[in-house]
Amino acid sequence: MTHPTERRADSARGPLVRAAAQQFAHKPYSLVNLDDVVAAVEVSRGAMYFHFPSKQALACAVIEEADKLGREAAVGVLANKLSGLETLIDLSYLIAVLDIGEDWTRAGLNLLGSIGRADELEATTLREVISALAQIARRAATEGDVSQERNPEDVAQLLVSMYIGLRHTSDLDKPEQFLPDLEKAWILLLPGFANPERMRYFSQFIRRRTAVASGKVSSQPNPA
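Numbers 537 to 760, taken from the numbering used here, label the letters of the sequence shown in order.
Quick look at the structure:
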């Protein structure tokens with residue numbers, strides 16, 4: 537029979553991970569205090585250690601949950617049956633909107649950069665993302681929107697690098713800056729791999745996606 541104390545500790549796992557995500561989304565890993573996490577859930581440190589022996593273990597749980605939620609959100613974009621290049625663009629805006637407004641996504645991406653290198657979690661995750669995007673880029677090439685001379689893996693790696701870099705050079709807390717910066721990055725990158733005859737269409741498509749994303753972000757409730 538499970539002891540009541542163990543049941544309470546077990547029920548605290550989900551709330552602890554959510555509380556940790558909120559902390560890691562808005563503070564550097566080194567500045568997150570576990571006392572703030574347990575206080576938000578109103579459990580003891582013992583209840584936290586029942587599941588997570590360290591701050592890093594808790595952070596890894598946040599990364600795993602963020603990855604799961606991101607994959608689920610991406611399914612919705614893939615289900616739209618857009619062209620390959622349209623899908624790549626839409627996925628970047630999906631991540632941007634989540635990164636701006638959802639603690640899970642922002643915390644997961646923050647943590648990948650801060651602790652992910654220790655056990656190659658970042659490298660493994662990025663390889664998986666690049667592989668998935670390369671498949672879409674390969675489809676875009678067969679559709680005539682991406683040059684056959686470009687390696688799909690190179691295109692995918694470029695897009696991932698672009699977004700990671702943009703997180704550092706722009707400001708997620710200022711969507712009115714971040715989303716136009718994402719648009720500019722796309723406009724600058726497109727000539728490097730897109731079919732020149734399709735540039736006008738995709739430039740317009742990107743601008744429309746910026747407007748749609750801006751509307752989604754503005755409709756999100758302000759964080760407490």
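We treat Cβ as the ideally placed atom computed from N, Cα and C, and that holds for glycine. Small disclaimer: the values here were computed from a predicted structure and weren't measured.
{"query": "Ala488 - partner residues in DSSP beta bridges", "result": "Nothing in the structure corresponds to residue 488, since the chain is present only between 537 and 760."}
{"query": "Within 7 Å, strictly: CB atoms of Ala721 and Leu702", "result": "yes"}
{"query": "7 Å Cβ cutoff met for Ile651 and Gln693", "result": "no"}
{"query": "Burial state of Val579 (16 or more Cβ within 10 Å)", "result": "buried"}
{"query": "Rounded straight-line distance, which links the Cα of Ala561 to that of Lys591", "result": "14 Å"}
{"query": "Candidates Arg549, Gln558, Val753, Asp626: closest to Leu647 by CA position", "result": "Gln558"}
{"query": "Cβ-Cβ separation, Ile599 to Leu669 (assumed contact under 8 Å), whole Å", "result": "Rounded, the Cβ-Cβ distance is 19 Å, inconsistent with contact."}
{"query": "Rounded separation between Ser750 and Pro716 - CA only", "result": "9 Å"}
{"query": "Test item: CB-CB of Leu605 and Trp640 under 7 Å", "result": "yes"}
{"query": "Span separating the alpha-carbon of Lys563 from that of Ile636", "result": "14 Å"}
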